[in-house]
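Line order of the protein sequences matches chains A and B.
Going by the numbering used here, the residue at position 120 of the first sequence is 120; the numbering climbs one at a time, nothing skipped.
Quick note: to get the numbering used here, add 1000 to the position in the second sequence (first position is 1).
Worksheet: one structure, shown below.
2 protein chains.
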Amino acid sequence: MMQRPPTIKDLARALNISVSTVSRALRNATDINPETRQAVLKLAKEMEYEPNFIAQSLVKKQTHIIGVVVPSIDSNYFSEALSGMTDCAIEQNYHLMICQSNENEVLENKSIRKLLSCNIDGLLISVSLQTKSDNVIKEAQKKHVPVVMFDRIIPGADCTKVIVNEYEGALKAVEHLIKKGCKRIAHIGGPKDLSVSENRKKGYLDALAKHKIPVREELIAHCKSFEEDAIGAIRKVMNAKPRPDAIFFINDLSAITAIEYIRRKGLRIPEDIKIVGFNNDKVSNVVEPALTTVMQPGYEVGKLALGVLIDEIESKSTERQLFELRTTLVTRKSSR
Amino acid sequence: MMQRPPTIKDLARALNISVSTVSRALRNATDINPETRQAVLKLAKEMEYEPNFIAQSLVKKQTHIIGVVVPSIDSNYFSEALSGMTDCAIEQNYHLMICQSNENEVLENKSIRKLLSCNIDGLLISVSLQTKSDNVIKEAQKKHVPVVMFDRIIPGADCTKVIVNEYEGALKAVEHLIKKGCKRIAHIGGPKDLSVSENRKKGYLDALAKHKIPVREELIAHCKSFEEDAIGAIRKVMNAKPRPDAIFFINDLSAITAIEYIRRKGLRIPEDIKIVGFNNDKVSNVVEPALTTVMQPGYEVGKLALGVLIDEIESKSTERQLFELRTTLVTRKSSR
DNA sequence: AACCTTTCCGGTAACGTTGCCGGAAGGTAA
DNA sequence: TTACCTTCCGGCAACGTTACCGGAAAGGTT
């Protein structure tokens, strides 16, 4: 019967009143006769009227769409953050347009520009590893689109930021090992020159310093990437004499890789050597021994980041804030 | 200087021509003097003109936005699928609005309705475990919004579907074990009454039947959820006499859980008992022994699903198709 | 009775874009 | 010259909605 979805005009015609009146009845309660209002609402329900979002956006000059750019959607951490954002968005009646940069700055810029041409109300971004410049961010701000950076931020950028205090997470993890009596704590770090790697390493170093444990270079090694090539680094620190009695890893995957290597050496975990990971991947609770690890609140980061962005959008405030979430140390068998 | 982004009107005024001419210059090459066209394009670049997506959508009655609903964003498999979609979307100049149902049918319906009120051009959905009815799907189709289901489909629904042949994946996995000489192959299944669980179990059963190996009920057990409570099921099948010489698991996580249990029994993997998982999680290559597993092409599923949806949108075709992608068996140490 | 206030509604313009139609200017052919 | 065609452009309406303004009707005050 009805081909197109009904519009405000259809309602007006059916009730023999003007479109202005229908529009008013549909949103505010002032300047409208309660009876007329009821009649409009009743008919709207009957005809399954839905306001046309596009038309509203055009006249109101706001779309309730928020653009999100992350390095990769299919990573444990970012997918959790996206999950938090998505849940937050539907609560607050916003929509998300999600792009991924694949760690490529060119693609990142392209995505941001595409999002901007969609008239997004705000931009939420975690930058790629390559990204050094905040030019596109400024482009967005010139168009009065508020920007919030989360997790992977550009330190100098002039915008609100939501981060996780990984430094403190690393510090807590290493202090935990110290309390357990470990004296020769090794560290397997991530790729050099990355803020994640450096923050965590600094936590490691400061924990040692705080407890007056000397740093020994032979107990520190770096992986070249975040995945699967940890074995060389592990071999290096395990060859140190005397051998380490604990290892703090950049992530759970490399820690799990190490478990078997350590066992082959005839050492027991945690009796002879304790290990701690980072991330709280699902498997960390399933491997043997279950892995002590630092949990980053990805979901909460996403939720908070979107929350503060929406606040900025709606209050039109322009002051820059810095939010820092804390990690949680999840202690399991590998360090007991 | 310039407060609002420039519009087509600003261009027209600056060049002292009409908006229609500018509009024509910007999109088609007919009915326009090449010189005028060049002048418009030049000025557009200078003023950094960007067409207003919202206004275009209103008059063209298509938004180039595609709605996506998945059970959860932060799952290995779906995040891969979303990654594939996202890459495909930006190539084809579409945008994605992503929602998650959290395995809740009510929330799922709410999300779909919200997406529909955004005038999406198409809907891509993988339904929640609860979902039995396809009413909302029909609602979308009544509004002429094409729907494509992927992975978790409603078998009876009248729409194009993209799935992975898990049955065949399970069959291949179990045949692989049979070829390795295993005679007493156990199966740890997923929650009952779920199509994923049943498809994989059927593959297991058919592989046995094909090779004339009798099914023994004591070698089959089910987990109650997909995560972390596999231990009871494992205990059951390991208590069978004679004990199994191989186990085919519903997923990698439960397989990894089993590794330690089996070792404690004094059994060696793969010499005494071979194991195979499902999913190809990243850790499956990092645990010891590395896990043989069935890889599902999540990224490709996402890419393909979005591709066929866009085809349907642009061709306005209404014929229903069924696409089936194949799994790959990744053989590693745990079954050698 | 004249004036003011309140309540409620309709008309109109606008948001930025596209599509259609009509028409001016110039060229070509009889 | 007239008739016709082509090339190019401008005007107008429309997409569905909201915002603003003006005004009719009803009631209240002096």
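The beta carbon of each residue, even a glycine, is placed where N, CA and C say it ideally should be.
Closest Cα partner of residue i within the set the options
| i | options | result |
| --- | --- | --- |
| glutamate 1319(B) | Asn1033(B), Val1147(B) and Lys1060(B) | Val1147(B) |
| histidine 64(A) | Leu82(A), Ile73(A), Tyr94(A) and Ala55(A) | Tyr94(A) |
| glutamate 1046(B) | Ala1014(B), Pro1244(B), Glu1312(B) and Lys1061(B) | Ala1014(B) |
| isoleucine 213(A) | Ser225(A), Ile178(A) and Lys236(A) | Ile178(A) |
| aspartate 134(A) | Gly122(A), Ala81(A), Ser335(A) and Ile153(A) | Ile153(A) |
| glutamate 260(A) | Gln1062(B), Asp1281(B), Pro1289(B) and Met1238(B) | Pro1289(B) |
| threonine 1327(B) | Val1308(B), Val1301(B) and Ala1258(B) | Val1301(B) |
| methionine 238(A) | Lys9(A), Ile273(A) and Lys210(A) | Ile273(A) |
| asparagine 280(A) | Ala89(A), Phe226(A), Ala81(A) and Thr293(A) | Thr293(A) |
| cysteine 118(A) | Val145(A), Asn285(A) and Lys265(A) | Val145(A) |
| serine 284(A) | Leu129(A), Ile256(A), Ile269(A) and Pro270(A) | Ile256(A) |
| leucine 43(A) | Ala157(A), Asn16(A), Gln62(A) and Ser111(A) | Asn16(A) |
Inter-residue CB distance, residue i and residue j (contact presumed, cutoff 8 angstroms)
| i | j | result |
| --- | --- | --- |
| glycine 1298(B) | tyrosine 1077(B) | 5 angstroms |
| asparagine 109(A) | serine 72(A) | Not a contact, Cβ separation roughly 17 angstroms. |
| phenylalanine 278(A) | aspartate 252(A) | 7 angstroms |
| leucine 1325(B) | valine 1174(B) | Their Cβ separation, rounded to whole angstroms, is 20 angstroms, which puts leucine 1325(B) and valine 1174(B) out of contact at 8 angstroms. |
| alanine 230(A) | serine 195(A) | The Cβ separation is near 20 angstroms, so there is no contact. |
| isoleucine 1275(B) | alanine 1240(B) | Wrong, their Cβ atoms sit about 15 angstroms apart, outside the cutoff. |
| asparagine 1104(B) | serine 1075(B) | Not quite, the Cβ-Cβ distance comes to about 15 angstroms (not below 8 angstroms), so this is no contact. |
heavy atom of the ligand ATP below 7 angstroms from residue i C-beta
| i | result |
| --- | --- |
| isoleucine 178(A) | Only the bare structure without any ligand can be found here, which leaves the ligand ATP out of the picture. |
Per-residue burial, residue i [other beta carbons within 10 Å of its own, 16 or more giving buried]
| i | result |
| --- | --- |
| glycine 1181(B) | exposed |
| aspartate 1031(B) | exposed |
| proline 1034(B) | exposed |
| serine 1317(B) | exposed |
| methionine 1(A) | Confidence at methionine 1(A) is low in this model, with a pLDDT of 42, below 50, so the placement of that residue is unreliable and no value is reported for it. |
| serine 1018(B) | exposed |
| leucine 1208(B) | buried |
| alanine 29(A) | exposed |
| proline 242(A) | exposed |
| valine 40(A) | buried |
| arginine 336(A) | exposed |
| arginine 1361(B) | Outside the shown range of chain B (1001 to 1336) lies residue 1361(B), about which nothing can therefore be said. |
| lysine 303(A) | buried |
| arginine 200(A) | buried |
| alanine 314(A) | Inspection of the sequence shows that residue 314(A) is occupied by glutamate rather than by alanine. By the neighbour-count rule (16 or more Cβ atoms within 10 Å), glutamate 314(A) is not buried but exposed. |
| valine 59(A) | exposed |
| valine 106(A) | exposed |
| glutamate 1080(B) | buried |
Residues of its chain near residue i, where Cβ-Cβ distance is below 6 angstroms and the 5 sequence neighbours each way are ignored
| i | result |
| --- | --- |
| valine 1070(B) | Phe1078, Gln1100 and Ser1126 |
| proline 6(A) | Met47 and Tyr49 |
| glycine 1203(B) | Tyr1167, Ala1170 and Leu1171 |
| lysine 1161(B) | Met1149, Ile1153 and Leu1322 |
| serine 341(A) | Residue 341(A) is absent from the structure shown; chain A starts at 1 and stops at 336. |
Contact with chain B by residue i, beta-carbon distance below 8 angstroms
| i | result |
| --- | --- |
| threonine 257(A) | yes |
| isoleucine 98(A) | yes |
| alanine 55(A) | yes |
| asparagine 199(A) | no |
| glutamate 271(A) | no |
| isoleucine 73(A) | yes |
| serine 79(A) | yes |
| glutamate 260(A) | yes |
| histidine 95(A) | yes |
| asparagine 279(A) | no |
| lysine 114(A) | yes |
| valine 19(A) | no |
Chain A within 8 angstroms of residue i, Cβ atoms only
| i | result |
| --- | --- |
| asparagine 1052(B) | yes |
| serine 1101(B) | no |
| serine 1111(B) | yes |
| asparagine 1135(B) | no |
| histidine 1211(B) | no |
| isoleucine 1090(B) | yes |
| serine 1023(B) | no |
Cutoff 7 angstroms; reference residue i; Cβ partners in own chain excluding five residues on either side
| i | result |
| --- | --- |
| leucine 1205(B) | Val1215 |
| arginine 235(A) | none |
| alanine 233(A) | Ile188, Ala221, His222 and Cys223 |
| threonine 295(A) | Note on identity: in this sequence residue 295(A) is methionine, with threonine being the wrong assignment. Closer than 7 angstroms at the Cβ level, and outside the excluded window around methionine 295(A), lie Asn280, Thr327, Thr328 and Val330. |
Same chain, Cβ closer than 8 angstroms to residue i, neighbours up to 5 away in sequence not counted
| i | result |
| --- | --- |
| serine 1197(B) | Gly1189, Gly1190, Pro1191, His1222 and Ile1250 |
| leucine 1115(B) | Gly1067, Val1069, Met1097, Cys1099 and Leu1123 |
| valine 1308(B) | Val1148, Thr1160, Val1162, Gln1321 and Phe1323 |
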